[in-house]
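Sequential numbering of the sequence shown, starting at 37, is according to our numbering. The C-beta atom is built at its ideal place from N, Cα and C for all residues, glycine as well. Working notes, beginning with the structure itself.
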Amino acid sequence: MAESTGYGLLNGKKGIIFGALDDRSIAWRIALACKREGAEFALSNAPIALRLGQLDALAEKTGAKIFPCDVSDNDDVEKMMDEVKKEYGSIDFILHAIGMSPNIRKKIEYTDLNYHFLSQTLDISAISLHKIIHYADNAGILNDGGSIVALTYIGAQRVFSKYSDMNDAKALLESIARNYGSRLAERGIRVNTVSQAPTRTSAGSGIKGFDAMYTFADKIAPLGNPDADECADYCVTLFSDLTRKVTMQNLYHDGGFVTAGISEDMINALAKIYGEEEGE
Ligand SMILES: NC(=O)c1ccc[n+]([C@@H]2O[C@H](COP(=O)([O-])OP(=O)(O)OC[C@H]3O[C@@H](n4cnc5c(N)ncnc54)[C@H](O)[C@@H]3O)[C@@H](O)[C@H]2O)c1
Numbered sequence: 037m038a039e040s041t042g043y044g045l046l047n048g049k050k051g052i053i054f055g056a057l058d059d060r061s062i063a064w065r066i067a068l069a070c071k072r073e074g075a076e077f078a079l080s081n082a083p084i085a086l087r088l089g090q091l092d093a094l095a096e097k098t099g100a101k102i103f104p105c106d107v108s109d110n111d112d113v114e115k116m117m118d119e120v121k122k123e124y125g126s127i128d129f130i131l132h133a134i135g136m137s138p139n140i141r142k143k144i145e146y147t148d149l150n151y152h153f154l155s156q157t158l159d160i161s162a163i164s165l166h167k168i169i170h171y172a173d174n175a176g177i178l179n180d181g182g183s184i185v186a187l188t189y190i191g192a193q194r195v196f197s198k199y200s201d202m203n204d205a206k207a208l209l210e211s212i213a214r215n216y217g218s219r220l221a222e223r224g225i226r227v228n229t230v231s232q233a234p235t236r237t238s239a240g241s242g243i244k245g246f247d248a249m250y251t252f253a254d255k256i257a258p259l260g261n262p263d264a265d266e267c268a269d270y271c272v273t274l275f276s277d278l279t280r281k282v283t284m285q286n287l288y289h290d291g292g293f294v295t296a297g298i299s300e301d302m303i304n305a306l307a308k309i310y311g312e313e314e315g316e
């Protein structure tokens, strides 16, 4: 799908895409899908990520302008929205694909969390959604009928031990999406979160035990794990006018993992490990 000509679902729409770092980033794949569907957009990431990543290549490929912004710095977010206004006027969609936990990076156990790091995790990974919407709205750039999507993970609802304080950050992120969504609904602006299955990206592979989490989800989900391009196709529908009445939702994009119990594959694999005869 990503390489095809698309459906023109976003013709005439403008947006901001936060969080593309390299070509594995889910935001990178979403940017390509938005371009395919006819959108024009700004790209944003933290200055350090711009130095280390490859965003110039994506900007060149999609005709996007880059706006450096560290979302933990309120002034940066405010300034960025003014610059987007000068360049693009107003916008119809925003993608929030930002996540970072210093506690996970430094391999600190959940029971020993460093609280300064925890506040950074919550600020960068969750409160930033509030800031982005707030400063975009203050700058007067949010068009009525627009759509805001933030990427999340099922750790918000269920405990995934290695996901540590990111479980808490995602719960807060989803709550902010609901609460802001209720306020923006009078202007027809939707705010949703997409709960994506484990996906091989820079942030994903920074989590200890990621491969096991990936395989577990893939074996349980009847449709298997969706990849980043499939997530991109789903997000495009949420930015489009086809989903005008979908708001304040946490939407699972996980091949059916969230409602599946156990798969035949998993039963047979566990039977082998624990020495149980198949069918017993
Ligand atoms: N990879 C997965 O398994 C998975 C699953 C579900 C949800 N998600 C979510 O998808 C989103 C994108 O992650 P990804 O997996 O594509 O990894 P990624 O590492 O490519 O993206 C994370 C992005 O956050 C940016 N970021 C970190 N600190 C920032 C700051 N202070 N200011 C601005 N940007 C900052 C990084 O530079 C990076 O571009 C995240 O919210 C992540 O939690 C990922």
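Kindly examine ligand 1 and report whether one of its heavy atoms sits closer than 7 Å to the Cβ of residue i.
{"i": "residue 138", "result": "no"}
{"i": "residue 62", "result": "yes"}
{"i": "residue 105", "result": "yes"}
{"i": "residue 12", "result": "Examination of residue 12 is not possible in this model, given that the chain is present from 37 through 316 alone."}
{"i": "residue 239", "result": "yes"}
{"i": "residue 182", "result": "no"}
{"i": "residue 108", "result": "yes"}
{"i": "residue 135", "result": "yes"}
{"i": "residue 81", "result": "yes"}
{"i": "residue 329", "result": "Any property of residue 329 remains undetermined from this structure, which presents the chain solely from 37 to 316."}
{"i": "residue 153", "result": "no"}
{"i": "residue 129", "result": "no"}
{"i": "residue 57", "result": "yes"}
{"i": "residue 85", "result": "yes"}
{"i": "residue 54", "result": "yes"}
{"i": "residue 298", "result": "no"}
{"i": "residue 212", "result": "no"}
{"i": "residue 160", "result": "yes"}
From residue i to residue j, what does the alpha carbon distance come to, in whole angstroms?
{"i": "residue 209", "j": "residue 157", "result": "11 Å"}
{"i": "residue 41", "j": "residue 290", "result": "25 Å"}
{"i": "residue 212", "j": "residue 163", "result": "8 Å"}
{"i": "residue 107", "j": "residue 82", "result": "7 Å"}
{"i": "residue 17", "j": "residue 173", "result": "Any answer about residue 17 is impossible in this case: the structure gives the chain only from 37 up to 316."}
{"i": "residue 46", "j": "residue 191", "result": "31 Å"}
{"i": "residue 144", "j": "residue 87", "result": "27 Å"}
{"i": "residue 298", "j": "residue 247", "result": "19 Å"}
{"i": "residue 195", "j": "residue 165", "result": "22 Å"}
{"i": "residue 71", "j": "residue 90", "result": "18 Å"}
{"i": "residue 310", "j": "residue 153", "result": "40 Å"}
{"i": "residue 66", "j": "residue 270", "result": "9 Å"}
{"i": "residue 159", "j": "residue 272", "result": "26 Å"}
{"i": "residue 100", "j": "residue 64", "result": "12 Å"}
{"i": "residue 98", "j": "residue 80", "result": "13 Å"}
{"i": "residue 300", "j": "residue 193", "result": "25 Å"}
{"i": "residue 149", "j": "residue 84", "result": "25 Å"}
{"i": "residue 202", "j": "residue 169", "result": "21 Å"}
{"i": "residue 104", "j": "residue 115", "result": "10 Å"}
{"i": "residue 69", "j": "residue 94", "result": "12 Å"}
{"i": "residue 199", "j": "residue 243", "result": "7 Å"}
{"i": "residue 151", "j": "residue 308", "result": "43 Å"}
{"i": "residue 197", "j": "residue 146", "result": "8 Å"}
{"i": "residue 142", "j": "residue 250", "result": "21 Å"}
{"i": "residue 296", "j": "residue 259", "result": "10 Å"}
{"i": "residue 139", "j": "residue 204", "result": "12 Å"}
{"i": "residue 59", "j": "residue 78", "result": "17 Å"}
Counting only the same chain and skipping the five closest in sequence on each side, list residues whose C-beta sits under 8 Å from that of residue i.
{"i": "residue 274", "result": "183, 185, 226, 228, 230, 282 and 287"}
{"i": "residue 177", "result": "117, 120, 121, 124, 125, 126 and 127"}
{"i": "residue 280", "result": "181, 224 and 226"}
{"i": "residue 74", "result": "42, 44, 45, 46, 47, 48 and 49"}
{"i": "residue 62", "result": "55, 133, 187, 232, 235, 237, 264, 267 and 268"}
{"i": "residue 278", "result": "45"}
{"i": "residue 312", "result": "306"}
By Cβ distance, which residues of its chain are closer than 7 Å to residue i, with the 5 residues on each side in sequence left out?
{"i": "residue 110", "result": "167"}
{"i": "residue 302", "result": "255 and 256"}
{"i": "residue 240", "result": "234 and 246"}
{"i": "residue 285", "result": "228"}
{"i": "residue 206", "result": "188, 189, 191 and 192"}
For residue i, I'd like the list of residues in its chain whose CB is within less than 6 Å of its CB, leaving aside the five on either flank, ordered along the chain.
{"i": "residue 253", "result": "233, 234, 261 and 293"}
{"i": "residue 135", "result": "161 and 239"}
{"i": "residue 305", "result": "none"}
{"i": "residue 214", "result": "284"}
{"i": "residue 137", "result": "157, 201 and 202"}
{"i": "residue 76", "result": "50"}
Can at least three beta-carbon pairs, one atom from the region 212–223 and one from the region 253–263, be found at a separation below 8 Å? No, because fewer than three Cβ pairs between the region 212–223 and the region 253–263 fall closer than 8 Å, the two stretches do not touch.
Check whether the region 46–60 and the region 130–138 are in contact - that is, three or more C-beta pairs closer than 8 Å. Enough Cβ pairs lie closer than 8 Å, so yes.
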